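Accompanying notes for the structure given below.
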Amino acid sequence: WPTTVKGCLCGCCWALRPRYKRLVDNIFPEDPEDGLVKANMEKLTFFALSAPEKLDRIAAYLSERLTRELNRHRYGYVCIAMEALEQLLLACHCQSINLLVESFLSTLRLLLEADKPHLHILATNSFVKFANIEEDTPSYHRSYDFFVAKIRVSGIRGLQGVVRKTVDNELLVNIWEPRHMEQIVPALLVNLQKHTHTESESPAEQTEVCFRELLGRAAYGHINNAVRPVLMHLDSHSLWEGQSFAVQCFQIIMYSIQSQHSHLVIQQLLGHLDANSRSPASVRAGIVRVLSEAAVIEATGSVGPTVLEVFNTLLRQLRQSVDYELTGYYDTAGKHRTTSTEEKTLQDAVIKTIGSFANTLPVYQRSEVMMFIMGKIPVPGIYPALGFEGSRMIQVMLLKSLLQVSERYESNNLLTALPSSFLEPLLSFTLMEDPEIRLLVLSILTSLIDRHHNAAKLNAARLSFDVSLLELKENRSSRQDNLFMRKHAQRLYRHVYLACKEENSGQNHYQALFSLLAILSVELANEEMVVDLIRLVLALQELALSNQECLSVFNRCGVHSLCAAFLNLLSQLGPPPPLHQHVAQVKRLVKHSTAENNTAQFTLKYFVCVSEEDRLSKRKSIGDVVSLQIDMDPQFCPDTQEVTNLFPSEDRGSLEEEERRRRMQVVEKFQTAPFEEIAATCGSRTSLLQSKLDQVFNSIIRSPPSPSGHSPPRSTPLYEMKFPDLCVY
1068 WPTTVKGCLC GCCWALRPRY KRLVDNIFPE DPEDGLVKAN MEKLTFFALS
1118 APEKLDRIAA YLSERLTREL NRHRYGYVCI AMEALEQLLL ACHCQSINLL
1168 VESFLSTLRL LLEADKPHLH ILATNSFVKF ANIEEDTPSY HRSYDFFVAK
1218 IRVSGIRGLQ GVVRKTVDNE LLVNIWEPRH MEQIVPALLV NLQKHTHTES
1268 ESPAEQTEVC FRELLGRAAY GHINNAVRPV LMHLDSHSLW EGQSFAVQCF
1318 QIIMYSIQSQ HSHLVIQQLL GHLDANSRSP ASVRAGIVRV LSEAAVIEAT
1368 GSVGPTVLEV FNTLLRQLRQ SVDYELTGYY DTAGKHRTTS TEEKTLQDAV
1418 IKTIGSFANT LPVYQRSEVM MFIMGKIPVP GIYPALGFEG SRMIQVMLLK
1468 SLLQVSERYE SNNLLTALPS SFLEPLLSFT LMEDPEIRLL VLSILTSLID
1518 RHHNAAKLNA ARLSFDVSLL ELKENRSSRQ DNLFMRKHAQ RLYRHVYLAC
1568 KEENSGQNHY QALFSLLAIL SVELANEEMV VDLIRLVLAL QELALSNQEC
1618 LSVFNRCGVH SLCAAFLNLL SQLGPPPPLH QHVAQVKRLV KHSTAENNTA
1668 QFTLKYFVCV SEEDRLSKRK SIGDVVSLQI DMDPQFCPDT QEVTNLFPSE
1718 DRGSLEEEER RRRMQVVEKF QTAPFEEIAA TCGSRTSLLQ SKLDQVFNSI
1768 IRSPPSPSGH SPPRSTPLYE MKFPDLCVY
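Residue numbering for the sequence shown is 1068 to 1796, as defined by the working numbering.
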C-alpha cells in the first residue's frame, strides 16, 4: 500500500508540472542510444509554435536538462538536448527566435568549456546550423566573443597537437617545409595580433605557447623557413610601422629559438632591410627598431661570422637615407615623396641600433667596429657626388654612430682604444668649421678616455665646486697610460688649443673641452702632465686676452670660464700645493672684488703652426712651444714669489720672434729668388755637409796610436776604395 500511495503521489506531482516541462521530458528516451523520441519532439514543436511566448521557458528548461546531464557525464542525453534545441531554432519564426538564442548560446558555452573534443565539435556544428538561419532584424544585445575565442583556442590546441606529433617524426610529412610554414605561422600571427592576454585561457596566450614551442623545436636548417613567413605577414599587413606587434613577434622568436641560432634571425632581418630600401621611411624604421630589440636579446658575441657586414648594412642605410632626404624622394623614379622628419626618425633608429649591436660584442671587436666606422666617414672633396651638405650630414651621423659605440666601450689600455690610425683622423675633425662635428669629436674622445664614468659627475658640477663631494674614481696611471700620453699628449693639447680659437663655438663646446681636460687629469695625470696642463691653461688665458685673435666677447668669456673651472679642479686633485693656494686666493678675490679691481695678468707666448709640418712634429714637451712669464699685480697677489716659483720663467720671446722672422725670410727667398741663386745656395750647403761627413769618417777609420809613438801608415778608407764592376751590386 505505501508503495502504491507513493507512486500515485509522484504521478500526481508530475501531472501538476507545467506542460512545456512535461513535453520536454518526454523527448528523452530511457536509453540514450535510442536517440530523440521524434513523436514527442513533434508535439513539443507544435506547442512551441502555438504558444511562442513559452519559447524562452522551453529553451531555459532544455538548457537546464543539458547542464544536469553534462555534470553526470551522460553525454548521450547531452546530444539529444542539443538536437532538440536545433530543431526548435529551425522551426521557429524569425520574430520569435530571439527568445531561444540566449539559452542556446549559453548551452554552447557550456559545451566549449568542457574538456571533451567531441563536445567542442558538437557545439561548433550547432553554431554553424544557427548561422545559416536568416533573420529579418539584427539583435544588438548578442555577443559571440566568447564563442569565437573558444573556437580559436580549440583550433590552436589542435594545431599545437599537430606540431607535437609531426615536428620530430621523420616518417610523417615534413612540417618545416615552406608550404606548411606559410600556413601555420600566419595563422598563429593572426590570433596573436587580434587578441590580448586577458585571461589564462585566452587565444593570445595559447597562440604564444604554441608559437614558442614550434620555434623551440626548430633546428639550424629550419630557422629561415620559420622566420620568413613572419616577415611576409608583417609586410602584407603593413605591421612594421607599429611600435609593438613586430617587436613582440621577434621578441618571442629570439627568446624561443636556441641561442646559437640567433644570428640567423639577425641576418634575415638585415636582408629584409636591404630588400625594403625603396620602402617608406616608416617601414625601414620599423625594421631597424626590431633589429635593435633583437640585438639586445641576442647572446653576447653571437652576431655571426660576418660582424662587419652587420654594420656595413646599417651604414649603407644611413647613406641612402641622406640621399632620400636631400632629394625628397625614396625611389629613383621620383614618384614617392619623403620628408626630412621621417628620414631623421630612421637615422636615429639606425644610430641606436648600431650602438645596440656594438654592445653585444667583445672589446676587441668593438675596436674593429670603430675603425670600420671611421673609415666610412667621408673626407671633404673625396666624394664630390655627395656635395658639401651631403658629406656633412653623413659625417655627423657616422660620428654619432661612433659616439654610440664609444659610450660603453671599456678598455684598460688606451693604446689599444686610441691607436694612431684612429686618433689622428678623429682629431682632424676638431679643426672643421662645423660646430656639431667638433662637439661630437670631443664627446667621443672623452667617452673613450673616461674609463671610470666620471664625466657625468663633472658635467653636473658648477664652475666652483668641491672635488671631494663629487666622489670621483681615480686610479694610478699604468705604464700603458704613460706611454699613450708621451706619444699623443702634445697632439691632444694642440687640438684643444686650436678648438678654443674657433669663433662659432658655443657653451656646449667649452663644457665638452672642460670635460676632456678634466677626464685627462683624473684618469691619466702625473707630475709631468700636470705641468703641461697648467702651461696649456695659461696659454689659453693669453689667447682670451690677445687682441690679435678675432674672438667675440662670448668666446673670450668661454675660454676664461674653461680655464677657471679646470684650474679649480686641477688644484684640488693633488700637488703642487702653491697652485691650490693661488686658486683659492683668486676665488676669494673674485668673491669680494669687482671685475675692474680683480686683475691677475698672465703674459706668455704660445706659437702654434697649423701647417702639416707642425702636425707631424714630435715635441717632447709643450715647453718647446710655450714661453711663459707670470706677472701679477702685487697689490692683490702678495704671494707672487711663491706662485712664480711654480712656473720657471723662460724669457725666450725675442729668440722665438727672431726664429720666426728667419723662417719667413727663407720662405720668401725660395718664393722670389731666381733658380740659379737657390741652386748655388743649396750647393754650398752640400759642400759644407760633405766636408763634415769627411771629418766624421776620418775620425772613425783613424787607427789607434802605436806604443812606440810612431803613427802607422795610413790605409785607404773603405769609401774611397775602387772595386771591380762584378763586385758592385
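Virtual Cβ for every residue (Gly too), placed ideally from N, Cα, C.
Predicted model only: the values in this text are computed from it and were never measured.
Note down the Cα distance separating residue i from residue j, rounded to an integer number of angstroms.
i	j	result
serine 1758	glutamine 1462	54 Å
leucine 1157	lysine 1110	15 Å
methionine 1464	valine 1332	26 Å
aspartate 1390	glycine 1457	8 Å
alanine 1527	alanine 1585	13 Å
glutamate 1201	cysteine 1159	12 Å
threonine 1513	arginine 1475	12 Å
leucine 1607	alanine 1522	22 Å
isoleucine 1421	asparagine 1343	19 Å
arginine 1089	glutamate 1249	55 Å
proline 1132	histidine 1185	The residue you asked about is not proline; residue 1132 is arginine in the sequence shown. Answer to the nearest angstrom: the Cα atoms are 19 Å apart.
alanine 1651	serine 1329	59 Å
glutamate 1360	glutamine 1315	10 Å
glutamate 1275	asparagine 1635	60 Å
phenylalanine 1278	leucine 1255	7 Å
valine 1091	glutamate 1180	25 Å
glutamine 1325	glycine 1283	7 Å
isoleucine 1242	leucine 1103	43 Å
If you run the structure through DSSP and keep just helix, strand and coil, what is residue i?
i	result
arginine 1356	helix
proline 1184	helix
arginine 1553	helix
tyrosine 1396	strand
arginine 1279	helix
arginine 1386	helix
arginine 1546	helix
arginine 1224	helix
arginine 1295	helix
arginine 1284	coil
arginine 1404	strand
Hey, quick one: how far does the alpha helix (DSSP H) through residue i stretch, first residue to last?
i	result
aspartate 1026	Residue 1026 cannot be examined here, being either before or after the span of the chain that is shown, 1068 to 1796.
glutamine 1574	1574-1591
tyrosine 1128	1122-1138
leucine 1116	1105-1117
asparagine 1343	It is not in any alpha helix (DSSP H) - asparagine 1343 carries neither H nor E in the DSSP assignment.
leucine 1493	1487-1495
asparagine 1614	Asparagine 1614 -> no alpha helix (DSSP H), and no H or E assigned at all.
methionine 1844	Absent from the structure is residue 1844, since the part of the chain shown begins at 1068 and ends at 1796.
valine 1446	Run containing valine 1446: none; DSSP gives neither H nor E here.
asparagine 1521	Counting along the chain, asparagine 1521 falls outside any alpha helix (DSSP H), and DSSP gives it neither H nor E.
leucine 1506	1502-1516
serine 1535	1534-1537
threonine 1483	1481-1484
Would you mind working out which of the options sits nearest residue i, comparing C-alpha positions?
i	options	result
threonine 1497	Leu1482, Leu1537 and Arg1561	Arg1561
isoleucine 1601	Arg1727, Gln1318, Gln1732 and Pro1643	Pro1643
glutamine 1273	Cys1567, Gln1260 and Leu1133	Gln1260
leucine 1469	Asn1480, Val1534, Pro1492 and Leu1482	Pro1492
serine 1487	Ala1151, Glu1609, Asn1622 and Met1441	Met1441
tyrosine 1144	Ser1305, Met1460 and Asp1101	Asp1101
alanine 1632	Val1653, Pro1645, Arg1246 and Leu1306	Val1653
arginine 1386	Gly1454, Gln1325 and Glu1365	Gly1454
phenylalanine 1489	Val1534, Ile1504 and Phe1439	Phe1439
glutamine 1547	Ser1388, Leu1591, Glu1724 and Leu1612	Leu1591
leucine 1226	Leu1172, Leu1281 and Thr1174	Leu1281
Kindly list the residues whose CB is nearer than 7 Å to the CB of residue i, restricted to its own chain and excluding five residues on each side of it in sequence; keep chain order.
i	result
serine 1349	Glu1308 and Glu1409
glutamate 1541	Val1589
glutamate 1153	Ser1193 and Lys1196
arginine 1084	none
threonine 1399	none
CB-CB under 8 Å to residue i, same chain, minus the five flanking residues each way: which ones, in chain order?
i	result
arginine 1086	Phe1114
glycine 1368	Residue placement at glycine 1368 is flagged as unreliable, the pLDDT there being 45, under the threshold of 50; the coordinate-derived value follows with that caveat. The residues are Thr1427, Leu1428, Pro1429 and Gln1432.
Is residue i a contact residue of the ligand ADP, with contact defined as CB to any heavy atom under 7 Å?
i	result
leucine 1470	Among the components modelled here there is no ligand, and therefore nothing to report on the ligand ADP.
Quick one: residues in its chain with C-beta nearer than 6 Å to the C-beta of residue i, no 5 flanking neighbours on either side, listed in chain order?
i	result
tyrosine 1577	Gly1625 and Leu1629
leucine 1603	Tyr1560
alanine 1352	Thr1412, Leu1413 and Ala1416
aspartate 1681	Per-residue confidence for aspartate 1681 stands at a pLDDT of 40, beneath the threshold of 50, marking its modelled position as unreliable; no derived number is given.
isoleucine 1039	Look at the range of the chain in this structure, 1068 to 1796, and you will see that residue 1039 is not part of it.
leucine 1587	none
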